[in-house]
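Before any comments, here is the structure.
Next up, the structure:
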């Protein structure tokens, strides 16, 4: 007790000196190396598929604005659900029913907006999509609550409850519409799925981009202010500048990319015909960010805040790390489990809206195998099945990696059978690499 | 040394059974401010089970708990914490994947006006309390799985001490520690006792009991053998209480 209190430095400054330049760089910027690894893997996949196409098929189709834009839209549905799956897996549970929940909520939303609401409100009424989405997400939440209650308060393992749920909700979706496909969906609702009209255009994308950049700068600044307040060591200025440049660069790059993908000729014709105008010569209308992608980004940001900045998020990790300790610390673990499954159900409902809007119909095949893709996305993104570890951005990256693989293989013309084999191998390899990385970084 | 006045804690006639087996059978113990009461007995004698009724981990089947003479209901760990009862479990009850600050404030996070967890504030508070308890502690930024046994113990102790406990339950606090750290825990117990806390100490080591405790309650097969003033008995007396389940004639 005679010693002076320890200096307010987590790491001794002298430790930095015998590190290599790369390690010093990583330490100064405090970049998550796992994120770096995933970004590297993603780049490798993208460039690899592009080069493969360029060399063997004579045309590299992957790194084109059109493909990358489509990739972003295709990732949305899985990505939204992967955000919820992180919480489930972190708390040592599993949800095998997300695909079936997506299916049944999409089917109910389809019936509601095609067969019921137009009778009362009239076809194309602006409130239809809102009521539909609210009902869909509420239904998803209710199903999630039921699963959570059975798991937390009735002690049935989540594997069994959700395996049962997978069959029950898949069957219910079929019965709800008598096996029919419900189509077409409400016009405003359809915008949630993307497509030329379901994107925010060039100006909208720049607004999103600028807001994103401001967000990055604000976060860096808030971080500095907070560190100063508690006398923690600051990042060097060059590291802050570097992070700002990378963050804003990525956002502006994405905006440039989605703005360089023009509307196809058919859509242009339709658009101008509706206004009774001829198609102007050389007109270029950008897609911009697709609405489902913006939904995914919003979900990702909100879920990240939930997981890292709120008590709820703390408790999710605590339960995953040591359920007994969490209970002894006064955390109501059962109620938490119920809420987590309810949240998962809500996201499955949202994802159901996006997926059915994208298809412009609710079909019985919607969401089939999605549970596996979602779990794979979360796991590729570094969520540990042993519990306690996982990030939202990781899961979204995982979904992107997963979708990139699938899209890439379709583009270069692999058989479905080969696609399945490759995806299976990648899943196992990703988890192996992750374990390897974890055991080394300990 | 006879205690007078209202006990800080009185657990009266507590019973709890699991599947027909009486783990605790009509046991009554009490604890006064500034006192250390040792709980002794074989493994499975019911010490930990009894104390878990006080910490809220288990719910008693019968009996009453009084804090400062007032009857209280303790149905879960939150209730116990609300009564300023803090527990250091034998397993330490730490979430291995979280850092020291997150564990220290688990269930009682400091939140900002907007309702967000104030991570920096919690870390700086953790640094302050650790500077007092374990000045050599430096590993604030890593999960507690990366800490040594003694460091983990100090996180668990810091959690109990930080929130101004009045009643402290320590379940074999030195079982996993080296001699130096055991010494630190002993000093801490003396210090907390001097501050007027009441401490229940579950302990196997008779030597430590003789050194640290004012009174000792011995349990066997779920029943209370007896409570003695440590100053009035020898280690042999205590051992025979634990092994034979008989109260020594002199202290009875």
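Residue numbers (my numbering), protein chains in the order written: chain A, 27 to 468; chain B, -7 to 244. Backbone N, C-alpha and C fix where the C-beta goes; we use that ideal spot for every residue, glycine too. As the structure is a computational prediction, the values presented were derived from the model and not from experiment.
Whose Cβ in chain B lies nearer than 8 Å to the Cβ of residue i?
| i | result |
| --- | --- |
| residue 252(A) | 112 |
Closest Cβ-Cβ distance between residue i and chain B: below 9 Å?
| i | result |
| --- | --- |
| residue 384(A) | no |
| residue 414(A) | yes |
| residue 348(A) | yes |
| residue 457(A) | no |
| residue 465(A) | no |
| residue 31(A) | Legend: pLDDT at residue 31(A) = 41, less than 50; position of this residue unreliable, value from coordinates given subsequently. Yes, residue 31(A) counts as interfacial toward chain B. |
How many angstroms separate the CA atom of residue i from the CA atom of residue j?
| i | j | result |
| --- | --- | --- |
| residue 198(B) | residue 175(A) | 47 Å |
| residue 347(A) | residue 113(A) | 12 Å |
| residue 399(A) | residue 378(A) | 15 Å |
| residue 230(B) | residue 35(B) | 15 Å |
| residue 402(A) | residue 109(A) | 12 Å |
| residue 80(A) | residue 57(A) | 33 Å |
| residue 459(A) | residue 369(A) | 30 Å |
| residue 160(A) | residue 373(A) | 12 Å |
| residue 193(A) | residue 163(A) | 20 Å |
| residue 293(A) | residue 132(A) | 26 Å |
| residue 150(B) | residue 257(A) | 22 Å |
| residue 215(B) | residue 234(B) | 11 Å |
| residue 357(A) | residue 333(A) | 16 Å |
| residue 318(A) | residue 63(B) | 57 Å |
| residue 153(A) | residue 214(A) | 9 Å |
| residue 429(A) | residue 101(A) | 6 Å |
| residue 310(A) | residue 100(B) | 56 Å |
| residue 342(A) | residue 109(B) | 14 Å |
| residue 240(B) | residue 33(B) | 15 Å |
| residue 116(B) | residue 102(B) | 11 Å |
| residue 141(B) | residue 86(B) | 12 Å |
| residue 255(A) | residue 76(A) | 48 Å |
| residue 344(A) | residue 364(A) | 16 Å |
Interface residues of chain A around residue i at Cβ under 7 Å?
| i | result |
| --- | --- |
| residue 116(B) | 256 |
| residue 81(B) | 354 |
Indicate whether at least one CB of chain A lies closer than 9 Å to the CB of residue i.
| i | result |
| --- | --- |
| residue 38(B) | no |
| residue 235(B) | no |
| residue 231(B) | no |
| residue 70(B) | yes |
| residue 94(B) | yes |
| residue 55(B) | no |
| residue 84(B) | yes |
| residue 140(B) | no |
| residue 49(B) | yes |
| residue 147(B) | no |
Residue i versus chain A: which residues are under 8 Å apart at the beta carbon?
| i | result |
| --- | --- |
| residue 88(B) | 347, 348 and 414 |
| residue 24(B) | Per Cβ cutoff of 8 Å: no residues; residue 24(B) is ~26 Å from chain A at best. |
Chain A partners of residue i, CB-CB under 9 Å?
| i | result |
| --- | --- |
| residue 73(B) | 355 and 356 |
**Message:** Which residues of the segment 327 to 346 of chain A have a Cβ closer than 9 Å to any Cβ of chain B? Give them in chain order.
**Reply:** 331, 334, 335, 336, 337, 339, 340, 341, 343, 344, 345 and 346
**Asked** Between the segment 98 to 109 of chain B and chain A, which residues of the former have a C-beta closer than 8 Å to a C-beta of the latter?
**Response** 98, 99, 100, 101, 103, 107, 108 and 109
**Asked** If contact means a Cβ-Cβ distance below 9 Å, which residues of the segment 352 to 371 of chain A contact chain B?
**Response** For the segment 352 to 371 of chain A, which is checked against every Cβ of chain B, the residues closer than 9 Å are 352, 353, 354, 355, 356, 357 and 358.
**Complete alpha helix (DSSP H) runs within the segment 141 to 187 of chain B (minimum length 4 residues, chain order)** = 141 to 154 and 171 to 186
**Item:** Uninterrupted alpha helix (DSSP H) stretches inside the segment 195 to 244 of chain A (no shorter than 4 residues)
**Value:** 213 to 216
**Item:** Every unbroken alpha helix (DSSP H) within the segment 103 to 155 of chain A, with a cutoff of 4 residues, ordered by chain
**Value:** 124 to 137 and 143 to 147
**Residue ranges of each alpha helix (DSSP H) within the segment 276 to 332 of chain A, 4 or longer** = 291 to 300
**Prompt:** Which runs of the beta strand (DSSP E) spanning at least 3 residues fall entirely within the segment -2 to 36 of chain B, listed in chain order?
**Reply:** 1 to 10, 13 to 23 and 28 to 32
**Asked** Where in the segment 111 to 144 of chain B do unbroken runs of the alpha helix (DSSP H), each at least 4 residues long, occur, reported from the N-terminal end onward?
**Response** Every alpha helix (DSSP H) of 4 residues or more that sits fully in the segment 111 to 144 of chain B is shown, in chain order, as 111 to 125.
**Contained beta strand (DSSP E) runs [length at least 3] in the segment 192 to 233 of chain B, N- to C-terminal order** = 207 to 212 and 215 to 221
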